[in-house]
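A.B. asks: Per this note's numbering: the sequence shown = residues 560 to 786.
Have a look at this one.
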Amino acid sequence: MPLPETMFCAQQIKIPPELPDILKQFTKAAIRTQPHDVLQWAAAYFSALSKGEPLPVKERIEMPLATEKTDAVLTPGLLKILDCVRMVNVAELKEKWKHLCLPEEQLNAILQLDNFGKEVEWMKVLALACSALGEVRSNSMKHACEILTRDPEGGAARIPFETFSFLYSYLASIDGEIPEEKTEAFLRRIKEQAFYCVSPGLLLPRNFLEKTSGMHLVLNGLGLQIF
């Protein structure tokens with residue numbers, strides 16, 4: 560026999576005074592993030608909110624390119640949300656990836672590019688993910704700078720030269736077609752620019768996107784070339 564339905568009177572239903580502001584912030588976050596699956600993303604949002612964890616929210620809205628499909632697409636803004644610790648468990652990374660409504664197959668494809676174990680180095684995953692953004696003809700290292708910089712939105716997007724060197728060298732090693740001496744020569748030239756600029760030791764995207772003494776860096780997906 561089914562139990563009788565519980566009835567509540569108006570006096571028993573307590574609506575917290577902060578609810579309107581919570582819903583307002585949620586709506587703004589949804590507009591900025593534009594999740595592919597609103598229900599799944601909302602569950603992740605309120606779960607993080609209740610636990611005091613970082614929210615899966617973009618800093619700003621990203622307008623999709625005309626060439627992009629309507630499916631969930633990896634973007635710099637979504638990568639910036641992930642912002643994992645130095646070493647991250649693959650299972651935890653997959654959970655965060657799922658919360659952003661991104662296809663797990665895409666993450667698996669990225670992880671298969673290197674011999675990762677149960678724990679992965681986040682900076683390496685970030686580098687490979689930035690290369691995946693080459694599908695929209697974006698520059699991998701420029702995206703990495705914009706994601707990792709501490710400069711305000713729309714600023715110079717500076718990052719430490721050491722960080723750039725690590726990411727670039729790693730991608731070059733994964734690509735396997737760039738001679739090591741060319742990679743080292745390019746980094747030496749870039750290092751000179753980084754240490755003779757207004758902010759010594761910090762690298763700007765324009766430092767490596769422009770031609771420097773006949774050397775030009777081209778990054779498209781995982782096809783890195785120096786010529």
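Cβ coordinates follow ideal geometry from the N, Cα and C atoms, glycine included.
Indicate whether Arg-717 and Leu-763 have their beta-carbon atoms separated by less than 9 Å.
C.D. replies: The answer is yes: Cβ separation under 9 Å.
A.B. asks: Tell me the DSSP secondary structure of Ile-718 in three-state form.
C.D. replies: If DSSP states are grouped into helix, strand and coil, Ile-718 belongs with the strands.
A.B. asks: Helix, strand or coil: how does DSSP classify Met-566 here?
C.D. replies: Residue state, collapsed to three classes: coil.
A.B. asks: May I ask you to report which of helix, strand or coil DSSP gives Leu-582?
C.D. replies: Helix at Leu-582.
A.B. asks: Of all the options Val-684, Glu-680 and His-658, which has the alpha carbon lying nearest to the alpha carbon of Asn-667?
C.D. replies: That would be Val-684, whose Cα lies nearest to the Cα of Asn-667.
A.B. asks: Check whether the Cβ atoms of Val-647 and Glu-678 lie closer than 9 Å to each other.
C.D. replies: Closer than 9 Å, so yes.
A.B. asks: Hey, out of Ser-699, Val-632 and Glu-712, whose CA is closest to Leu-730's CA?
C.D. replies: It is Ser-699.
A.B. asks: Counting pairs of Cβ atoms below 8 Å between the region 646-662 and the region 592-612, do you hit three or more?
C.D. replies: Counting Cβ pairs under 8 Å, three or more are found: they touch.
A.B. asks: Straight-line CA distance for Leu-692 to Ile-669?
C.D. replies: Taking the straight line from one Cα to the other gives about 11 Å.
A.B. asks: Which residue comes first and which comes last in the beta strand (DSSP E) that contains Asn-648?
C.D. replies: Taken as a continuous stretch (DSSP letters only), the beta strand (DSSP E) holding Asn-648 covers 646-648.
A.B. asks: My assumption, with CB atoms under 8 Å, is that Glu-712 sits in contact with Arg-619. Please give the rounded CB distance.
C.D. replies: Yes, they are in contact, since the Cβ atoms of Glu-712 and Arg-619 sit about 6 Å apart, within 8 Å.
A.B. asks: Can you name the residues that DSSP bridges to Ala-762?
C.D. replies: Going by the sequence as given, residue 762 is Leu instead of Ala. Paired residue(s): Ile-718.
A.B. asks: Just to confirm, are Pro-635 and His-702 a CB contact at a threshold of 9 Å?
C.D. replies: Their beta carbons are under 9 Å apart, which means Pro-635 touches His-702 by this criterion.
A.B. asks: Less than 8 Å between C-beta atoms, sequence neighbours within five positions excluded: which residues of the same chain meet that for Arg-645?
C.D. replies: Excluding sequence neighbours, Arg-645 sits near Glu-680, Trp-681 and Met-682.
A.B. asks: Please say whether Leu-687 and Ile-733 have beta carbons closer to each other than 9 Å?
C.D. replies: Yes, these two residues count as a Cβ contact at 9 Å.
A.B. asks: Helix, strand or coil: which one does DSSP assign to Glu-654?
C.D. replies: In this structure, Glu-654 counts as helix in the three-state DSSP scheme.
A.B. asks: Using the Cα positions of Tyr-604 and Lys-587, report the straight-line distance between them to the nearest angstrom.
C.D. replies: Whole-angstrom Cα-Cα distance: 12 Å.
A.B. asks: Can you tell me the Cα-Cα spacing of Thr-742 and Lys-617, whole angstroms?
C.D. replies: One C-alpha to the other measures close to 34 Å.
A.B. asks: Leaving out five residues before and five after Gly-760 in sequence, what residues of the same chain have Cβ atoms less than 7 Å from its Cβ?
C.D. replies: Counting only Cβ-Cβ distances below 7 Å, and skipping sequence neighbours, we find Pro-719, Phe-720, Ala-753 and Phe-754.
A.B. asks: Does the separation of the CB atoms of Leu-637 and Cys-643 fall below 9 Å?
C.D. replies: Cβ atoms of Leu-637 and Cys-643: not closer than 9 Å.
A.B. asks: Any idea if Glu-564 is buried or exposed, counting beta-carbon neighbours within 10 angstroms, 16 or more meaning buried?
C.D. replies: Glu-564 should be labelled exposed.
A.B. asks: Within 10 angstroms of the Cβ of Leu-633, are there 16 or more other Cβ atoms? Answer buried if so, exposed if not.
C.D. replies: Buried: at least 16 other Cβ atoms inside 10 Å.
A.B. asks: Alpha carbon to alpha carbon, how far is Ala-607 from Arg-696? Give it in angstroms, no decimals.
C.D. replies: Confidence in Arg-696 is poor, its pLDDT being 38 and thus under 50, which makes the residue's placement too unreliable to answer from.
A.B. asks: Tell me the DSSP bridge mates of Val-679?
C.D. replies: Note: Val-679 sits in a beta bridge opposite Val-647.
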